[in-house]
Structure formats: structure tokens, C-alpha cells
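Numbering (our numbering), first residue to last: 4 to 253. This report refers to the structure that appears directly beneath it.
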């Protein structure tokens with residue numbers, strides 16, 4: 004999932020961050036370090052970069068992307084209760100994390116608090132299922148196997164596609180100079196079946212399938228691969244994908 008769905012958007016948000024020449028950068032919801040790696044590549048070597056995630060195992064995976072001489076700090080932290088002093092950073096970056104925060108308004112107020120005056124908050128969210136058919140198809144296929152209790156994972160990543168609510172939360176937190184970019188791209192799927200397997204096993208959908216029981220996850224993969232081929236062609240397939248990037252200043 005990482006190289007196909009996340010890496011190009013990570014490079015984009017890293018370039019946007021580096022353009023502001025921040026001296027101290029905080030990444031929240033860093034996950035496995037895809038954006039962290041792109042940030043370190045885009046920023047000057049003396050820029051202080053701190054990557055945080057809620058779950059330590061994710062940070063362990065992120066650390067593996069870096070050599071011992073690279074300037075990256077890793078710390079377990081909750082984006083809605085950041086363990087940093089006020090005005091500690093010149094930029095805060097969050098790619099595809101907002102949808103999973105239990106209190107989105109609090110995450111914005113925390114980002115505002117730790118930013119220095121003039122600092123920028125850069126965040127991205129997925130657009131709707133309409134513009135990301137891989138998510139729609141994965142959601143629909145999983146529901147076929149569990150019609151009485153459909154797995155809901157694929158409704159969550161695409162739940163923040165409405166621009167105005169996010170803009171209003173940013174304004175309420177104190178942010179100004181808000182920029183919004185809708186970025187549609189196309190991805191090549193070299194092996195459609197591999198991507199279908201990743202779409203089932205590479206996120207909490209697999210846990211939701213196993214918890215419900217009675218269905219071999221490989222059956223879900225096979226059906227999803229068929230739907231992907233019908234929608235995207237293959238091999239290789241061509242898949243549209245779309246995200247929304249916000250930039251706001253303290």
C-alpha cells in the first residue's frame with residue numbers, strides 16, 4: 004500500500020513543508036515513516052525533525068528507514084495531547100492521520116499550541132470514495148461477506164473529504180492564511196492481485212474480518228482482485244486516486 008497509495012503524496016507534502024524553510028519540524032501520526040523519510044530527504048541536514056506516532060511498533064518500523072547519522076528524533080505521542088512545550092516547532096505535518104483522531108478539534112488546537120508564530124500546519128486527507136474507487140470497492144466487497152455486520156474500516160480513511168468542516172476547525176483553533184489543494188493523481192498497479200491482498204491484509208480490515216469469523220480472508224482478496232481488474236484493468240492496472248492538502252499559518 005505504501006509505494007502505491009502514500010509515497011507520492013508524502014513527497015508532495017514534504018516539498019510543501021521544505022518550501023517554508025522551517026528549522027524545527029514535527030510530524031504527527033508518522034506511522035511507518037513514509038512521510039518522515041521524504042521530509043528528511045527534502046529538508047536541509049541541520050533541520051530538527053521529530054516524528055511521533057501513538058503506537059511504538061510503528062515507530063520501530065519508521066526508524067528502520069534511517070541510518071545512524073541522520074537527524075531524526077522518534078517519540079511516542081498522541082496528536083491530541085502532544086508532550087511538547089508551546090511554540091516548539093516551525094512546522095507541523097500530518098499526512099492521512101486526521102481521520103483516525105478521536106478529537107479532531109483538539110488535534111488542531113494542539114498543533115496550533117506547539118507552533119511558533121508564523122509557523123505552518125500542513126495536513127492531508129483522502130477525498131471521498133467517489134474519487135478513490137479502491138476504497139469504495141474494498142468497502143463494498145467486505146460488506147458482501149458480512150451483510151449483517153459489514154466491516155467499517157474503509158469508511159474511516161475517507162471520512163474527512165468535506166473541506167468546509169476542516170476549514171472551520173482550523174479557524175476555530177486560531178489558524179489563518181488557509182490554503183487548500185485538491186490533488187488528483189493516477190497510479191499504476193503492476194500486479195492488481197498484490198494490491199488487492201495489501202488492501203485486505205495491510206490495515207485493520209483483516210482484524211475486522213478475523214473477528215467476525217467464518218470467512219477465509221483469501222476469498223475476500225480473490226473477489227476484490229476481480230473487482231479491481233474490472234475497474235482498473237491489469238496487469239498493469241491504472242487507478243485514479245485523490246487527496247486534499249491543507250496549509251494553515253499560526
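For each residue, glycine too, the CB sits at the ideal point set by N, CA and C. Small disclaimer: the values here were computed from a predicted structure and weren't measured.
- Taken through DSSP and simplified to helix, strand or coil, residue 77 comes out as strand.
- Taking the CA atoms as reference points, residue 149 sits about 37 Å from residue 16.
- DSSP places residue 159 in the coil class of the three-state scheme, outside both helix and strand.
- Under the three-state reduction of DSSP output, residue 173 falls in the helix class.
- In this structure, DSSP gives residue 154 a state outside helix and strand, which the three-state scheme calls coil.
- Between residue 76 and residue 53 the beta-carbon gap is near 4 Å, inside 8 Å, which marks them as a contact.
- Within the DSSP bridge table, the entry for residue 188 names 244 as partners.
- Looking from the CA of residue 164, the closest CA among 212, 6, 135 and 10 belongs to 135.
- Per DSSP, reduced to three states, the secondary structure at residue 140 is helical.
- Non-local beta-carbon contacts of residue 152 in its own chain, meaning distances under 7 Å to residues more than five positions away in sequence, involve 215 in chain order.
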